[in-house]
Each structure stands twice: as structure tokens, then as C-alpha cells.
Amino acid sequence: MDSRLLSFITVVEKGSFSLAAKKLYLSQPAVTMQINSLASQYGLDLFQRGHKELRLSEAGKRLYQQAKKIMAIYGEIDAEMAGMRGTVKGELLIGAGYVTCEYVLPNLVGAFKRENPLIDLTIRSGNYERLMTDLAAGDLDVAIVAGHNPDKHYEAINLLNDELVLIASARHPWADQKAVAAADLVSQRFIMRERESTSYRLTEAALKKAGVSPDQLQVVAQIGSFEAIKRLVIDNTGIAFVSRLVLDRELHDGSLCIVRVKEIAIPQEIHVVYRKTNSSVKLKKFAEFCACFRSGA
Numbered sequence: 000m001d002s003r004l005l006s007f008i009t010v011v012e013k014g015s016f017s018l019a020a021k022k023l024y025l026s027q028p029a030v031t032m033q034i035n036s037l038a039s040q041y042g043l044d045l046f047q048r049g050h051k052e053l054r055l056s057e058a059g060k061r062l063y064q065q066a067k068k069i070m071a072i073y074g075e076i077d078a079e080m081a082g083m084r085g086t087v088k089g090e091l092l093i094g095a096g097y098v099t100c101e102y103v104l105p106n107l108v109g110a111f112k113r114e115n116p117l118i119d120l121t122i123r124s125g126n127y128e129r130l131m132t133d134l135a136a137g138d139l140d141v142a143i144v145a146g147h148n149p150d151k152h153y154e155a156i157n158l159l160n161d162e163l164v165l166i167a168s169a170r171h172p173w174a175d176q177k178a179v180a181a182a183d184l185v186s187q188r189f190i191m192r193e194r195e196s197t198s199y200r201l202t203e204a205a206l207k208k209a210g211v212s213p214d215q216l217q218v219v220a221q222i223g224s225f226e227a228i229k230r231l232v233i234d235n236t237g238i239a240f241v242s243r244l245v246l247d248r249e250l251h252d253g254s255l256c257i258v259r260v261k262e263i264a265i266p267q268e269i270h271v272v273y274r275k276t277n278s279s280v281k282l283k284k285f286a287e288f289c290a291c292f293r294s295g296a
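Residue numbering for the sequence shown is 0 to 296, as defined by numbering that gives the first Met the number 0.
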């Protein structure tokens with residue numbers, strides 16, 4: 000493997016020689032020397048001159064495209080050779096939404112590692128837009144996300160079905176009601192997820208479909224954590240729409256209850272998403288495992 004190509008790719012993707020050096024555990028002068036060596040070999044400038052930020056030249060853009068292909072081939076060779084030895088090992092980069100990270104991945108990762116002890120899993124959490132951006136850039140092998148829209152560039156496995164439900168404190172007047180009308184929601188204090196979240200987007204769409212504008216709600220707080228939201232709802236600070244996945248403990252101990260809203264249902268599917276061009280053996284292992292995890296096999 001030509002380490003100069005790896006350095007070049009990292010500089011491009013990090014947008015900085017210093018950040019690339021940090022990721023590669025090299026000194027910045029060493030990275031600069033490798034990039035200069037490539038430019039000298041081809042007799043072409045790889046970056047445009049005269050700009051504060053790094054900008055690829057036409058030659059640099061072409062080299063980046065080809066270098067990515069070469070590195071992918073190296074990865075495939077390593078994976079295939081490992082497969083021929085009967086072992087699959089290496090690092091798999093997984094991105095997951097906040098709910099999935101906390102409530103789904105512990106069981107999934109534990110079971111996968113028992114079957115594949117040589118595959119190291121590195122997990123990052125983030126919202127849908129951030130994870131899909133990282134997946135498209137090749138910074139992730141897999142994204143586990145809610146509300147994924149079909150795309151010709153990606154494969155998607157339905158990992159599990161979830162829904163957003165309205166919760167209230169056991170001390171709330173609605174706790175004993177079988178159902179409420181959507182129009183009644185505007186009379187209540189609400190705790191919402193942050194606007195960038197998939198949960199907010201799905202809730203907003205469902206409310207509008209039921210004839211309720213989100214602007215009509217008495218929103219007292221917007222929080223990026225379902226745990227914090229649940230604590231506020233238990234204290235009767237307000238009511239909230241949350242993932243059904245996060246409620247087992249509170250429904251069991253009776254501190255929270257689910258309130259059915261007649262005109263509103265908010266299903267959401269959680270998908271394992273990966274690029275069709277990613278042919279790594281370890282990714283295939285993980286995808287197959289997730290499909291079995293989904294079916295309960």
C-alpha cells in the first residue's frame with residue numbers, strides 16, 4: 000500500500016494537514032512531505048494555490064477518485080484473504096441514532112461480538128443527516144437510522160419496527176382516559192425533541208395530518224435526550240411524543256402511561272443502511288447478522 004495515497008485521502012477528507020496528521024499519528028511535516036512527493040511524481044499541483052482553505056486542483060480531484068478506488072481494493076484483498084483463512088477480522092465503523100445507540104445496540108453488538116470476536120466495532124451516535132452524510136463520504140460503513148428513504152445508492156435492512164407514542168405522567172388527568180382527540184393537544188404543555196431530530200420531523204408531520212399545527216402547541220422545552228424528556232414528563236412538567244423503545248422501565252413501574260390520540264399514529268422503521276459499493280466481508284457478516292436479528296433466527 001502506498002502510504003502517500005492514504006495521507007492524501009486523509010488530508011482531502013479532513014480538509015487540513017494538521018487534522019490529517021493527527022488521525023494518521025504522523026507529524027504534520029511528514030504528511031506534507033508525502034503530499035509533495037506525490038505532486039512531484041506526477042508533475043502536477045494537487046491543490047489550488049492562493050486559497051486559505053484547501054481546494055483540490057483538477058489533477059487532485061482525479062487523483063482522489065482513483066486513490067479511493069485503490070484503497071477500497073486493498074480492503075477487499077485483506078477481507079478476501081482473511082475469509083480464505085476462515086477468519087473475518089478488522090474494524091467496522093457504525094453510526095447510529097441516539098435511541099438506537101442506547102436501547103438497541105447493546106443487545107445487537109453483544110450478540111454479534113460473541114459470533115465474530117475478531118471484528119472490532121467502532122460506534123458513533125448522531126442525527127439522521129449527520130450519519131447519512133458520513134456514510135456517503137465513506138466515514139462510516141453502516142448507519143442504523145430511523146425514517147430512511149429508499150435510495151438507489153444504498154442497501155437497507157429493516158432491523159425493527161418502532162412507533163412514537165404520546166406519554167403522560169401517571170398523575171396527569173389523561174392517565175385514566177382511553178383516548179383523546181388531536182384537537183385537545185393544544186391545551187397541554189409539551190416537551191419536544193430538537194427540531195433536527197427524526198422524532199420531531201415525524202411528530203410534526205403527524206400533527207399536521209391530524210389538523211394540528213405544531214405552532215399551536217404549548218412547548219415548554221426542546222431537549223435532545225429521551226431520558227431527560229421522560230424525567231420531565233414523570234414530574235408532570237408536560238407531555239411528550241417519544242419512541243416506544245425507551246419506555247419499558249417506566250411502563251413497568253407505572254410512572255408513565257401511554258395516551259392514545261385518536262387521529263394520530265406515528266410508526267417508524269429502523270434500518271441498517273450501507274453503500275451498495277461497499278463489498279467488505281465484515282460488512283456482509285454484519286448485514287447478514289442484522290437480518291437474522293430482525294427475524295429472530
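From the three backbone atoms N, C-alpha and C, an ideal C-beta is built for every residue, glycine too.
query, result
"Pairwise C-alpha distance: A38 and L45", "6 Å"
"Residue span of the alpha helix (DSSP H) that contains A204, given as start and end", "197-208"
"Residue from S196, Y127, V185, T121 whose Cα sits closest to the Cα of V260", "V185"
"Minimum C-alpha distance to N235 - residue among R188, I265, V280", "R188"
"Beta-carbon proximity list for H147, same chain, < 7 Å, skipping 5 on both sides", "A155, H270, V272"
"Contact between the stretch 62-79 and the stretch 7-16 (3+ Cβ pairs under 8 Å)", "yes"
"Test item: CB-CB of L120 and I143 under 8 Å", "no"
"Buried versus exposed call for C256 [16 or more other C-beta atoms within 10 Å across all chains shown]", "buried"
"Rounded straight-line distance, which links the Cα of E90 to that of R3", "21 Å"
"Other residues of its chain near C100: CB distance less than 6 Å, five sequence neighbours each side excluded", "S124"
"Buried versus exposed, by CB contacts within 10 Å (16 or more), Y41", "exposed"
"Span of the alpha helix (DSSP H), counted from its first residue to its last, around Q221", "It is not in any alpha helix (DSSP H) - Q221 instead sits in the beta strand (DSSP E) that spans 217-221."
"Beta-carbon proximity list for A135, same chain, < 7 Å, skipping 5 on both sides", "none"
"Straight-line gap, P213 to K207 (C-alpha atoms, nearest Å)", "7 Å"
"Element boundaries [beta strand (DSSP E), containing L158]", "153-168"
"Start-to-end residues for the alpha helix (DSSP H) that takes in A227", "225-233"
"Beta-bridge partners of L244, as assigned by DSSP", "Partner(s): none; L244 has no beta bridge."
"Close beta carbons around L43, own chain, < 6 Å, minus the five adjacent residues each side", "A58"
"Proximal residues to E287 (C-beta, below 6 Å), its chain only, five neighbours per side dropped", "none"
"H171 vs I238 beta-carbon contact at 8 Å", "yes"
"H251, DSSP secondary structure in three states", "helix"
"A167, buried or exposed, once every other Cβ within 10 Å from all chains shown has been counted against 16", "buried"
"Burial state of S224 (16 or more Cβ within 10 Å)", "exposed"
"Residues that R123 bridges to, as DSSP identifies them", "G94"
"Simplified DSSP state of R61, which is helix, strand or coil", "helix"
"For P116, three-class secondary structure by DSSP", "coil"
"Cβ distance (whole Å) where L55 is taken to contact Y63 below 8 Å", "6 Å"
"Where the alpha helix (DSSP H) containing Y41 begins and where it ends", "27-41"
"Given F240 as reference, the closest of K229, L250, R248 once Cα atoms are compared", "K229"
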